[in-house]
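A.B. asks:
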Amino acid sequence: MEEILTMEGIYKQYANVTAIDNVNFSVKKGETVAIIGPSGSGKSTLLRCVNCLTRITAGKITLNGTTFVDHPFDPNEKKGANPKYLSDKAIKEICCETGMVFQHFNLFPHMTCIENITYAPIKVKKIAKEDAIKRGEELLALVGLSDKKNEYPGKLSGGQKQRVAIARALAMDPSIMLFDEPTSALDPEITGEVLAVMKQLSQQKITMVVVTHEMGFAKEVADRVIFMNNSKIVEEGTPDEIFNHPKSERLKAFLSAMIGGGD
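To convert, count from 1 in the sequence shown and add 33; that's the working numbering.
1. When you compare the CB of isoleucine 53 with every CB in chain C, is at least one pair closer than 8 Å?
2. Between the alpha carbons of arginine 196 and leucine 178, how many angstroms are there, rounded?
3. What is the C-beta distance between aspartate 273 and valine 66, in whole angstroms, given that I count them as a contact (C-beta under 8 Å)?
4. Is the region 144-156 in contact with the region 164-174, if contact means three or more CB pairs nearer than 8 Å?
5. Considering only residues of the same chain and omitting the five flanking positions on each side of proline 186, which have a CB-CB separation below 6 Å?
6. Report back the beta-carbon spacing between phenylalanine 260 and isoleucine 127 to the nearest angstrom; my notes put them in contact at under 8 Å.
7. Any heavy atom of the ligand NAP within a distance shorter than 7 Å of the CB on asparagine 149?
8. Which residue marks the beginning of the beta strand (DSSP E) containing phenylalanine 212, and which one marks its end?
9. In the DSSP output, what is aspartate 54 paired with across the bridge?
10. Compare the beta carbon distance of alanine 19 and glutamine 136 with 8 Å and say whether it is the shorter of the two.
11. For threonine 95, collect the residues of the same chain with a Cβ closer than 6 Å to its Cβ; drop the 5 residues on either side in sequence, then sort them by chain order.
12. Can you name the residues that DSSP bridges to phenylalanine 260?
13. According to DSSP, which residues form a beta bridge with leucine 38?
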């Protein structure tokens, strides 16, 4: 399978804090990768480097065959690093290849569900309004919310808002979907409805990277699981390898705390 995303030697420094420390990471087309680990381990920062919401201190990132930043690590540079990215216009086009789903939905409150979903395809991709609406209706059906087409976000539950946010990200027809703790702001009883949609996307072989605390999702749905701790990737492997045969003491301790498992 071809690689959609390659990240090599990634560093991210904030003042005197290293958020990402020499991480190498890649994702193949159609793969679902779950990133797990304690809070503050660099998971969300790594995800945000993919679509340039966070800019790296050093490293190389290639998305869909285009390298948009390539800046080798220099230990003397660290905070003063100024890696050269492609032009803002090129970065904007590359970022359109990614769909991002955040913890807190970020829907426009003054727009209906269908308007939220069709806004970017019409404005950014210049898709005809009627085509965008047709696609939006298909995506609302996919996430089980056809009946909410003309509702405003204020009338929706948290789980429904997040499902609309997923439909909105899919509407741009991205090469890769990025999920940053998509269920952490939801009540436990409605977490399942969002995870069910994500499982469906995985079964459809939509390329996904999911930062999550939902160990059940990582175990059952992911093709590969990455465990991060202290800004580094400590272990990666199949769900069976990570959950049933962890190698490092740190991963064993994390799994024990999260699910009481790991042998």
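Glycine included, C-beta positions come from ideal geometry on N, C-alpha and C.
C.D. replies: Let's see:
1. In the displayed structure, chain C is absent; only one protein chain is listed.
2. The C-alpha of arginine 196 lies about 8 Å from the C-alpha of leucine 178.
3. Not a contact, Cβ separation roughly 15 Å.
4. Yes, the region 144-156 is in contact with the region 164-174.
5. Hits under 6 Å: Leu140, Pro142, Lys194.
6. The Cβ separation is near 28 Å, so there is no contact.
7. This structure simply doesn't include the ligand NAP, nor any ligand for that matter.
8. Note, phenylalanine 212: beta strand (DSSP E), 209-213.
9. Looking at the DSSP assignment, aspartate 54 forms a beta bridge with Tyr44.
10. Residue 19 cannot be examined here, being either before or after the span of the chain that is shown, 34 to 296.
11. Counting only Cβ-Cβ distances below 6 Å, and skipping sequence neighbours, we find Thr39.
12. DSSP links phenylalanine 260 through a beta bridge to Ile69, Glu268.
13. Paired residues: Val60, Leu96.
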